[in-house]
Amino acid sequence: DAGVIQSPRHEVTEMGQEVTLRCKPISGHNSLFWYRQTMMRGLELLIYFNNNVPIDDSGMPEDRFSAKMPNASFSTLKIQPSEPRDSAVYFCASSPGGPRETQYFGPGTRLLVL
Amino acid sequence: KNEVEQSPQNLTAQEGEFITINCSYSVGISALHWLQQHPGGGIVSLFMLSSGKKKHGRLIATINIQEKHSSLHITASHPRDSAVYICAVQALKTSYDKVIFGPGTSLSVIP
Chain A
2 DAGVIQSPRH
12 EVTEMGQEVT
22 LRCKPISGHN
32 SLFWYRQTMM
42 RGLELLIYFN
52 NNVPIDDSGM
62 PEDRFSAKMP
72 NASFSTLKIQ
82 PSEPRDSAVY
92 FCASSPGGPR
102 ETQYFGPGTR
112 LLVL
Chain B
1461 KNEVEQSPQN
1471 LTAQEGEFIT
1481 INCSYSVGIS
1491 ALHWLQQHPG
1501 GGIVSLFMLS
1511 SGKKKHGRLI
1521 ATINIQEKHS
1531 SLHITASHPR
1541 DSAVYICAVQ
1551 ALKTSYDKVI
1561 FGPGTSLSVI
1571 P
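Those protein sequence lines, which keep their order, are chains A and B. Counting from 1 along the first sequence, just add 1 to a position and that's the residue number in this note's numbering. Counting from 1 along the second sequence, just add 1460 to a position and that's the residue number in this note's numbering.
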């Protein structure tokens, strides 16, 4: 299996631009997680999907952030408009059966907002 | 006070030394994870445990539910063990077991 796939791996954009991060979970996994990692705050859960349905989006910072999972093999995290404080590494992870099972992380997307 | 704490924050060891990283938490949990993040940034799950002890190669993870404490041990440490080790708990909150991460322990093993 190819593992969790994320794209792009790196993104540099200017403040105010829209940013879309993409994730393909491991085939057969029914849970998908978006995390953000910064030096100041470490790893934080942004949103958790189970069977394509958002279960917990309490970690989504504000209305500028939105996430979708239109089918079991694809999810997006969108930031519109982006701000410099959104600069971070964004990880996507999937698990076979939910939060109580081992999560498999993607390589992350390094986002820099100038 | 953070719900998940780790000690030490940073650790430097000589190759071959026995290493212990500690994790303490203040919430009820269903499981605890140890993650490894290499300098390149990738994150790998090392262990998931809810009781007792697990061993994989030179790595051993233990958990004491009553004391709300877990340890990650590395025997015969090697420079390739240099990484950030992150403790994460599945907290018994709301409608599902939400994951809460510790701040991480940065380990450097010197040849």
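The beta carbon of each residue, even a glycine, is placed where N, CA and C say it ideally should be.
Does DSSP put residue i in a helix, a strand or coil?
i, result
"Pro-1539(B)", "helix"
"Asp-87(A)", "helix"
"Gly-43(A)", "strand"
"Gln-81(A)", "coil"
"Arg-23(A)", "strand"
"Lys-1514(B)", "strand"
"Glu-12(A)", "strand"
"Ala-1473(B)", "strand"
"Val-1544(B)", "strand"
"Gln-1497(B)", "strand"
"Gln-104(A)", "coil"
"Gln-7(A)", "strand"
Which whole-angstrom value describes the C-beta separation of residue i and residue j, a residue pair presumed to lie in contact below a C-beta threshold of 8 Å?
i, j, result
"Ser-1531(B)", "Thr-1480(B)", "6 Å"
"Gln-1496(B)", "Tyr-1545(B)", "6 Å"
"Pro-1563(B)", "Gln-1466(B)", "6 Å"
"Asn-31(A)", "Pro-97(A)", "7 Å"
"Glu-19(A)", "Thr-110(A)", "That pair is no contact at about 14 Å."
"Ile-1489(B)", "Gln-1550(B)", "6 Å"
"Leu-47(A)", "Gln-38(A)", "Wrong, their Cβ atoms sit about 11 Å apart, outside the cutoff."
"Leu-112(A)", "Ala-89(A)", "6 Å"
"Ile-56(A)", "Phe-66(A)", "Contact doesn't hold; Cβ gap of about 16 Å is too wide."
Tell me, which residues are paired with residue i by DSSP?
i, result
"Phe-34(A)", "Tyr-49(A) and Ala-94(A)"
"Asn-72(A)", "Phe-75(A)"
"Leu-1492(B)", "Leu-1509(B) and Val-1549(B)"
"Glu-1465(B)", "Ser-1484(B)"
"Ser-67(A)", "Lys-79(A)"
"Val-1504(B)", "Gln-1496(B)"
What is the residue span of the beta strand (DSSP E) that residue i lies within?
i, result
"Ile-1481(B)", "1479-1485"
"Thr-1565(B)", "1565-1570"
"His-1533(B)", "1529-1534"
"Ala-1521(B)", "1519-1524"
"Val-1559(B)", "1556-1561"
"Val-114(A)", "110-114"
"Asp-57(A)", "54-57"
Is there at least one Cβ from chain C nearer than 8 Å to residue i's Cβ?
i, result
"Asp-57(A)", "Chain labels in this structure do not include chain C; the protein chains are A and B."
Quick one: does the C-beta of residue i sit closer than 7 Å to a heavy atom of the ligand ADP?
i, result
"Gly-1562(B)", "Among the components modelled here there is no ligand, and therefore nothing to report on the ligand ADP."
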